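In what follows, a single structure is set out as structure tokens and then discussed.
Numbering (this note's numbering), first residue to last: 27 to 339.
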């Protein structure tokens, strides 16, 4: 186990050495150049180091457990690994809002007032029980706006960026909130969990086939030989690339469904369309990416298609 953990640590730090200049340029230089980042280099570096430590910890746990399963049950390790991965992802999604996300951003309950009353009313009418609706401290790091439904069970909450709360009308904020509520009402978290679970089983099974077929060819001791790790990682990487367009397609459909819920909830597409236009301008989004780029890479429909679909409602 020490060998597996040590290999993971070396791999993660090697990966960090490669990714640092890329992350620095795309995550700090470019965003500052285009006015999207408010972070100093020191602030950005601190976040990068925290992310690296978290990635290292998670990767060490995953690799150690997977290689233990490879050693204990080489014939069906892939099924046990998929079950562990699914449970691990559920636990991580549950604790993320209270353990991980606060390491990078400040969260506090939205201030009392008309907006808070409207939010509580919408939650009550939708039958949603959440810990609360929180202001997401984005402004100190970015000028972009965002909102999300995060957490599972007792950590389930809606988070609205402070950049959203300060720059959008009440109706626009409620429309965005209604979109997030739509994900909940449409059971999108459950849908996503099922899709990801099926992909995990299939992905680990393909990795099992690759390992079984290639370890002898490369003269390795067995599927649990740490020297076969590149085969394991590369097979999962290729599978994820192939699966990504189809998972993105499913995600885009769920986004359209959440938009439709928000429009029905608000009684008009106007507020949602207005919010989309503001978000695209504020976040410097490409409103009309090439069709093939959207198909391959985008988990959300393009802003132009969302606006067009909303106006046709």
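For each residue, glycine too, the CB sits at the ideal point set by N, CA and C.
Being a predicted model, the structure only gives us computed values, none of them experimental.
Secondary-structure assignment with DSSP links residue 186 through a beta bridge to 161 and 173. If you look at residue 303, you'll find it in the alpha helix (DSSP H) that goes 296-308. Shown here, residue 195 sits in coil according to DSSP, grouped into three states, outside any helix or strand. Annotated three-state conformation of residue 316 is coil, per DSSP. In the displayed model, residue 168 falls within a strand according to three-state DSSP. Counted as a single uninterrupted DSSP element, the beta strand (DSSP E) harbouring residue 134 occupies residues 133-135.
A distance below 7 angstroms between beta-carbons, with the five flanking residues on each side excluded, links residue 120 to the following residues of its chain, in chain order: 177, 178, 179 and 181. The stretch 227-236 makes contact with the stretch 101-108: 3 or more CB pairs, one atom from each, lie closer than 8 angstroms. With a cutoff of 8 angstroms on beta-carbon distance, residue 151 and residue 174 are scored as not near each other.
Leaving aside the five residues that flank residue 57 on each side, the residues in its chain whose CB is nearer than 7 angstroms to its CB run, in chain order, 63. Secondary structure note for residue 143: its alpha helix (DSSP H) is the uninterrupted segment 140-152. In this structure, the beta-carbon distance from residue 274 to residue 239 does not fall below 8 angstroms.
Between residue 282 and residue 315, the C-beta gap is not smaller than 8 angstroms, which leaves the two residues out of contact. DSSP, reduced to helix, strand and coil, places residue 63 within a strand of the structure shown.
Of the candidates 91, 124, 67 and 136, the residue whose Cα lies closest to the Cα of residue 114 is 91.
Within a 10 Å sphere around the beta-carbon of residue 131 sit 16 or more other beta-carbons, which makes this residue buried. Taking the CA atoms as reference points, residue 97 sits about 28 angstroms from residue 219. Membership of residue 333 in the alpha helix (DSSP H) is indicated by the continuous run 329-337. Counting along the chain, residue 111 sits inside the alpha helix (DSSP H) bounded by residues 103-121. If the five residues before and after residue 276 are omitted, its C-beta is found closer than 7 angstroms to the C-beta atoms of 221, all from its own chain and listed in chain order. Contact between the stretch 189-203 and the stretch 287-300 is present: 3 or more CB-CB pairs across the two stretches fall below 8 angstroms. Nearest neighbour of residue 67 by Cα position, chosen from 336, 310 and 167, turns out to be 167. For residue 254, the three-state secondary structure derived from DSSP is helix. Sequence-distant Cβ neighbours of residue 145 in its own chain, meaning closer than 6 angstroms and more than five residues away, are 159.
A straight-line Cα-Cα distance of about 11 angstroms links residue 236 and residue 242.
Within the same chain, Cβ atoms closer than 6 angstroms to the Cβ of residue 169 are found at 62, the five residues on either side in sequence being excluded. Each residue's CA atom was taken as its position, placing residue 272 and residue 233 some 19 angstroms apart. Residue nearest to residue 184 within the set 155, 194, 267 and 195 is 155 (criterion: CA-CA distance).
Cβ atoms of residue 194 and residue 304 come within 8 angstroms of each other, at about 6 angstroms.
In the structure shown, residue 205 adopts helical secondary structure according to DSSP, grouped into three states. Remark: C-beta atoms of residue 259 and residue 302 do not approach each other more closely than 8 angstroms.
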